[in-house]
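In the numbering used here, the protein residues as written are -9 to 386.
Every residue gets a Cβ at the ideal spot worked out from N, C-alpha and C, and that includes glycine.
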Ligand SMILES: *Cc1c(COP(=O)(O)O)cnc(C)c1O
């Protein structure tokens, strides 16, 4: 038995997405740039997939650039905005302290090139306020990049309001919508978005494929140079089968979005209620303004890694934070950003649900986490000190 509760890391592909891919791995294998009929069959499919994906986020087909995933889309968005800013003598970028590393590491690189970076505080509830963006924008600001929903604690940001402020102040606005796409509504026009990143494997599509949406008229920089694919904005023969899988997965996710979110939210709240019963435990991120499938807790006096391994023994796939930080001893930058102390941040557990999870699985998981936390505390010297009053509890 496996209970998969790591859907923020990646998701299981939908059968419809797999079915949509197969013909393009088998019979329709032409290169869309070829002029013969085999190539043109592929080009026709590509065109239709582009239209469908654009339609799902309120964009035009020419505004869609296919990338190798969310990381590449984030890199390209930031690098492009920096180039545009540089030409205008604007070298200030605003983002938040708890972005994905695809954004934060690109910003670090830009900082080395002389850009000044302001990272907005995300408060204890994990939500940035539009006013903070308004206050931080300067004459020389070329970009504001704020994620739609956080990948570790699931909190949803007021991107529409931030986008409106950026429009008014004539500053480019990018949002990393990788965790939101397929789970929350997206309309790039209504939400005042200039650039948006999404990735198929976070909504039951294939890995290694994503989209950078770029509003018409923004001169985007290619980060992969070569052929003229994607209107010269991203070279390389298109990953047609993955693109077809992504289009099918996004169609299905958007068609059933409200229904799925409603069901998953019930499971999420049941899980949160169950884990809240554990003493000296705290939910990370706002309880209401969070992704339908996200649960993230800190438990005092334990190590998240040990918790993960023992849950894995019981058939539960969980995470201690983002997949990229697991395996390193650094605590999650997201938990530090919401003000958790290092020791507390080390005892974190992220459980991310999908509509395939059941009530029984949630009940089993609550019981398993309770038992494993109790066991780990029973062998923890830190816990002994807390119980003996030699140290103060940080989580009440
Ligand atoms: C997964 C993720 C990414 C990276 O997407 P890939 O397609 O895996 O490169 C970027 N941002 C967020 C918020 C993510 O959750």
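query, result
"Rank 161, 150, 201 by C-alpha distance to the C-alpha of residue 171 and give the top, closest one.", "201"
"With H, G and I counted as helix, E and B as strand and the rest as coil, what does DSSP make of residue 285?", "strand"
"With a floor of 4 residues, list each alpha helix (DSSP H) that falls wholly inside the segment 33 to 117, ordered by position along the chain.", "60 to 77, 91 to 102"
"Going straight from the alpha carbon of residue 237 to that of residue 367, what length do you get?", "46 Å"
"Comparing the CB of residue 192 with every heavy atom of ligand 1, is any distance shorter than 7 Å?", "yes"
"Hey, residue 343 and residue 283: beta-carbon distance below 8 Å or not?", "yes"
"Is there a Cβ of chain B sitting closer than 8 Å to that of residue 25, yes or no?", "Chain labels in this structure do not include chain B; a single protein chain is all it has."
"Under 8 Å Cβ to Cβ from residue 226, same chain only, skipping five residues before and after it: list those, please.", "214, 216, 217, 219"
"Just to confirm the assignment, what range does the alpha helix (DSSP H) spanning residue 128 have?", "No alpha helix (DSSP H) holds residue 128; DSSP gives it neither H nor E."
"Under a three-way DSSP split, which group does residue 276 fall into?", "coil"
"If you check the beta carbons only, do residue 206 and residue 52 fall under 8 Å apart?", "yes"
"Would residue 18 and residue 35 be called neighbours here (beta carbons separated by less than 8 Å)?", "yes"
"Does DSSP put residue 398 in a helix, a strand or coil?", "No information on residue 398 is available, as it lies outside the stretch -9 to 386 that the chain covers here."
"Looking only at its chain, what residues have a beta carbon closer than 6 Å to the beta carbon of residue 46, apart from the 5 residues adjacent to it on each side?", "240, 244"
"Hey, would you say the C-beta of residue 136 is under 7 Å away from at least one heavy atom of ligand 1?", "no"
"Hey, quick one: how far does the beta strand (DSSP E) through residue 200 stretch, first residue to last?", "200 to 204"
"Report yes if the C-beta of residue 171 is less than 7 Å from at least one heavy atom of ligand 1; otherwise report no.", "no"
"Based on the DSSP output, what are the partners of residue 253 in its beta bridges?", "According to DSSP, which records beta bridges pairwise, residue 253 is partnered with nothing at all."
"On the DSSP bridge list, what partners appear for residue 384?", "Answer by DSSP bridge pairing: none, since residue 384 is not bridged."
"Compute the Euclidean distance between the alpha carbons of residue 431 and residue 222, then round it to the nearest angstrom.", "The structure shown has nothing for residue 431, since the chain only spans -9 to 386."
"Terminal residues of the continuous alpha helix (DSSP H) containing residue 300?", "294 to 303"
"Which class does residue 246 belong to by DSSP, given the choice of helix, strand or coil?", "coil"
"In terms of residues, what are the limits of the beta strand (DSSP E) holding residue 164?", "162 to 166"
"Locate the beta strand (DSSP E) running through residue 185, then write down its first and last residues.", "185 to 189"
"For a quick check, are the C-beta atoms of residue 161 and residue 119 less than 8 Å apart?", "no"
"Tell me whether residue 128 is buried or exposed, calling it buried when 16 or more other Cβ atoms sit within 10 Å of its Cβ.", "exposed"
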